[in-house]
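As structure tokens, the structure follows; a few thoughts come after it.
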Amino acid sequence: MNTSTLKAAAMPATPRTLPLKIVLGLALAALALWPWSAGQFVLHLAALACINIVIVNGLSIIERSGQLSFGHSAPVAMGAYGAVLLSAQLGLGSLSSLALALVACAVVSGAIGWVILRLRGVYFVLVTFAFAELVRLVLLDAAPVTGGANGIANIAPLEIAGFAFDTRERFYGLALATAAASVALMVWLFRRPLGQAIVAVAANPALAESTGLNVSRLQLVAYVLGCTLAALGGALTARYIGFISPESFNTGTSVAFITMLVIGGRRSLFGPMLGALVLTPLPELFRGAVQTQQIFYGAALILILRFLPGGIAGLLRLTGRGGAR
0 MNTSTLKAAA
10 MPATPRTLPL
20 KIVLGLALAA
30 LALWPWSAGQ
40 FVLHLAALAC
50 INIVIVNGLS
60 IIERSGQLSF
70 GHSAPVAMGA
80 YGAVLLSAQL
90 GLGSLSSLAL
100 ALVACAVVSG
110 AIGWVILRLR
120 GVYFVLVTFA
130 FAELVRLVLL
140 DAAPVTGGAN
150 GIANIAPLEI
160 AGFAFDTRER
170 FYGLALATAA
180 ASVALMVWLF
190 RRPLGQAIVA
200 VAANPALAES
210 TGLNVSRLQL
220 VAYVLGCTLA
230 ALGGALTARY
240 IGFISPESFN
250 TGTSVAFITM
260 LVIGGRRSLF
270 GPMLGALVLT
280 PLPELFRGAV
290 QTQQIFYGAA
300 LILILRFLPG
310 GIAGLLRLTG
320 RGGAR
């Protein structure tokens, strides 16, 4: 990504694209409201899609700093298990345990990131993959605390100020608000100097460092922020599904998040949202055929990278139906 691209991203909408953005915004608002009138199954998928938007937005922040994490399931697992175990072991409320789990994940991610962000390219990918597997194995071996392979069941729903999100209608409202906040964070961050500096680091680390930018620090900030968003998604998943196990956070989960990012559009602020909306329903189509699902993800990645590297968002821009980064 060059300097002209960064300037273009910060430019306001042109008169030609502004009405189109309004139309797309209204269509998206209608889509967001639709699940409440579409039945329980659609509400379930919509809630999962919103959670995935939060998680993949976190992955996008890391990717925009020039690193691709192949172990994004690790912070998701830390958020899920952290929120549940803090509540069960310390007797904290669901909101307090969630907040403390996010802080803990940020601290752990900062420590891990300080070490692994010295690596580049395939080495970083391999280390993040190994770290995710390490987290999964620890969860399996710490059976007295984590339940091991049996996981943790009967997790209480999230409760805020005495209001329990114990129905799909209620939880979808919470998930939708959280997803919208994560998208707003993305837009706000990458329209600001900090976000543009993160993008500049990815485009040309040597040039960015020569201009006075601290490459390591910027990548660490992006990594911690991305992992914290992933942990938030994990905590929400645990409270919504009511069950977690180490196998819920395996390599296939990380691949699914990467696939959502790539198919939606890595270079678009709205790519993670598009990818999550398109791919979240697929596991229901492949229910009982996990291997087929993994084959689809792999084939989709290859085809998108080969023929449509900009993803769905890139296709919309090329066809004139989307003007916003």
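Anchor point for the sequence shown: position 226 equals 225 in numbering that gives the first Met the number 0, and the numbering is continuous, going up by one each time. Ideal Cβ positions, reconstructed from N, Cα and C, are used throughout, including at glycine.
Residue i, buried or exposed, once every other Cβ within 10 Å from all chains shown has been counted against 16
{"i": "residue 88", "result": "exposed"}
{"i": "residue 167", "result": "buried"}
{"i": "residue 36", "result": "exposed"}
{"i": "residue 306", "result": "exposed"}
{"i": "residue 304", "result": "exposed"}
{"i": "residue 246", "result": "exposed"}
{"i": "residue 111", "result": "buried"}
{"i": "residue 133", "result": "exposed"}
{"i": "residue 62", "result": "buried"}
{"i": "residue 102", "result": "exposed"}
{"i": "residue 74", "result": "buried"}
{"i": "residue 106", "result": "exposed"}
{"i": "residue 162", "result": "exposed"}
{"i": "residue 10", "result": "Because residue 10 carries a pLDDT of 44, less than 50, the predicted location of this residue cannot be relied on, and the following value inherits that uncertainty. The residue is exposed, with fewer than 16 neighbouring Cβ atoms inside 10 Å."}
{"i": "residue 12", "result": "Since pLDDT at residue 12 reaches only 49, below the 50 mark, its modelled position is unreliable, and no value is offered."}
{"i": "residue 200", "result": "buried"}
{"i": "residue 146", "result": "buried"}
{"i": "residue 142", "result": "exposed"}
{"i": "residue 206", "result": "exposed"}
{"i": "residue 191", "result": "exposed"}
{"i": "residue 302", "result": "exposed"}
Reference residue i, options the options, closest by Cα
{"i": "residue 248", "options": "130, 277, 214", "result": "130"}
{"i": "residue 194", "options": "101, 279, 134, 222", "result": "222"}
{"i": "residue 270", "options": "52, 32, 21", "result": "52"}
{"i": "residue 154", "options": "32, 235, 265", "result": "235"}
{"i": "residue 99", "options": "77, 113, 274", "result": "77"}
{"i": "residue 86", "options": "318, 151, 108", "result": "151"}
{"i": "residue 261", "options": "318, 296, 282, 281", "result": "296"}
{"i": "residue 325", "options": "128, 97, 268, 199", "result": "Here the chain comprises residues numbered 0 to 324, so residue 325 is not present and cannot be evaluated."}
{"i": "residue 233", "options": "108, 41, 90, 97", "result": "97"}
{"i": "residue 177", "options": "206, 21, 23, 31", "result": "31"}
{"i": "residue 283", "options": "126, 26, 208, 43", "result": "43"}
{"i": "residue 27", "options": "175, 231, 199", "result": "175"}
{"i": "residue 330", "options": "179, 139, 147", "result": "Coverage of the chain is limited to positions 0 through 324, which leaves residue 330 absent and any answer about it impossible."}
{"i": "residue 185", "options": "266, 139, 210", "result": "266"}
{"i": "residue 104", "options": "192, 285, 140, 231", "result": "231"}
Cβ neighbours of residue i in the same chain (closer than 6 angstroms, five flanking residues each side left out)
{"i": "residue 224", "result": "60"}
{"i": "residue 164", "result": "156, 157, 170, 173"}
{"i": "residue 66", "result": "123"}
{"i": "residue 212", "result": "196"}
{"i": "residue 48", "result": "275, 276, 279"}
{"i": "residue 109", "result": "223"}
{"i": "residue 149", "result": "none"}
Chain-order list of residues whose beta-carbon lies under 7 angstroms from that of residue i (same chain, five-residue window excluded)
{"i": "residue 45", "result": "34, 171"}
{"i": "residue 253", "result": "69, 70, 71, 72, 131"}
{"i": "residue 144", "result": "84"}
{"i": "residue 159", "result": "94"}
{"i": "residue 113", "result": "219"}
{"i": "residue 256", "result": "54, 55, 58, 71"}
{"i": "residue 126", "result": "115, 118"}
{"i": "residue 41", "result": "34"}
{"i": "residue 39", "result": "167"}
{"i": "residue 208", "result": "214"}
{"i": "residue 308", "result": "none"}
Anticipated Cβ contact below 8 angstroms, residue i with residue j, distance rounded
{"i": "residue 240", "j": "residue 80", "result": "Not quite, the Cβ-Cβ distance comes to about 13 angstroms (not below 8 angstroms), so this is no contact."}
{"i": "residue 299", "j": "residue 250", "result": "That belief does not hold up - the Cβ atoms of residue 299 and residue 250 are roughly 16 angstroms apart, past 8 angstroms."}
{"i": "residue 238", "j": "residue 95", "result": "Actually they are not in contact, since the Cβ atoms of residue 238 and residue 95 sit about 13 angstroms apart, beyond 8 angstroms."}
{"i": "residue 57", "j": "residue 226", "result": "7 angstroms"}
{"i": "residue 218", "j": "residue 64", "result": "5 angstroms"}
{"i": "residue 264", "j": "residue 312", "result": "3 angstroms"}
{"i": "residue 50", "j": "residue 229", "result": "Actually they are not in contact, since the Cβ atoms of residue 50 and residue 229 sit about 10 angstroms apart, beyond 8 angstroms."}
{"i": "residue 272", "j": "residue 198", "result": "Contact doesn't hold; Cβ gap of about 18 angstroms is too wide."}
Contacts around residue i, its chain only, beta-carbon distance under 8 angstroms, and the 5 residues preceding and following it disregarded
{"i": "residue 215", "result": "116, 117"}
{"i": "residue 128", "result": "69, 70, 250, 253"}
Below-9 angstroms beta-carbon distance, residue i vs any chain B residue
{"i": "residue 253", "result": "The structure shown contains no chain B; it holds only a single protein chain."}
Along the chain, which unbroken stretches of the alpha helix (DSSP H) at least 4 residues long are found entirely within the region 263-290?
270-278, 281-284
Would you list, in sequence order, the uninterrupted alpha helix (DSSP H) runs of no fewer than 4 residues that lie entirely inside the region 100-147?
121-140, 142-145
Ordered list of alpha helix (DSSP H) runs contained in the region 169-244, each at least 4 residues
192-202, 204-209, 214-240
Can you check the region 18-95 for any alpha helix (DSSP H) of at least 4 residues that lies completely inside it and give the ranges in chain order?
39-63, 72-89
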